[in-house]
Structure formats: structure tokens, C-alpha cells
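Structural data, given as C-alpha cells:
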């Protein structure tokens, strides 16, 4: 299963946090254009996903992380945050946002479809 990525034509960078605010093992909930997005620092790599499980919409912000695998707190579905192009065994995909660090600021990459 391959999950879709953002289109290249209408990309925007939105500042969401200082890089120092998200140390390894930490998570941060941010809001971008009215959407709840949870950011995780997994082994020094920042991952950002929509704070909504694709199964039933449960918040993923309090999900357990084991290595790079996030488990939905509602129904236990597992998503590997390190494998951006794969969904679960059931074919469900997280809505992911690329993250860039620019001059100490974490910037979330969005497109016009995220508004």
C-alpha cells in the first residue's frame, strides 16, 4: 500500500515551533489552518501527522510509541512513523506533513488542500 503525498504546485511553509521545543522522545500538539497536528521527535527525526486516526478519527496525540511505531490509543492500530509511504495492514494511511528546520524554527509544509 502506498499513501499519497502532497502535490508540488501549492506548497507552503508554516512556522509551528522552535526546534529546541521538541527534544528526542517528545511530542507537541500544534494547530495549522484549523487542523490539529501532532509532531513527534523519533530518534532525532521530526514527524508530523494529522491528529486523527484514519480508522475512526481518534486523537493520536497520546498514542504509545515503541521505537518508530505509533499505536492508536483507541483501537490499537499501529503506524510506523519511519515509513512514510506505507499504511497499516488494513490499508489506512496517516495524513503526514513534511517538516523542515530553518534557522532553528520547525516549519510544517502544507498545501492548499490543507486549508
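Residue numbers (the UniProt record's numbering): 1 to 115.
Note that CB positions come from ideal geometry on N, CA and C, so glycine has one too.
*Entirely enclosed beta strand (DSSP E) segments - the stretch 75-109, minimum 3 residues*: 78-80 and 99-102
*asked:* If the criterion is Cβ atoms closer than 7 Å, does the pair residue 68 and residue 82 meet it?
replied: yes
*asked:* Rounded to whole angstroms, what is the Cα-Cα separation between residue 22 and residue 41?
replied: 6 Å
*From the DSSP output, read off the bridge partner residues of residue 41.*
46
*Under three-state DSSP, which class holds residue 58?*
coil
_Let me confirm a value: residue 63 is counted as buried when at least 16 other C-beta atoms fall within 10 Å, else exposed. Which label applies?_
buried
*Would you mind reading off the limits of the beta strand (DSSP E) that contains residue 73?*
No beta strand (DSSP E) holds residue 73; DSSP gives it neither H nor E.
*Do residue 54 and residue 92 have their C-beta atoms closer together than 7 Å?*
yes
*Report the partner residues of residue 19 according to the DSSP bridge assignment.*
BP columns for residue 19 are empty, so no partner.
_Per DSSP, cross-strand counterpart(s) of residue 64_ = 71
*Out of 35, 34, 74 and 16, point me to the one whose CA is closest to residue 46's CA.*
16
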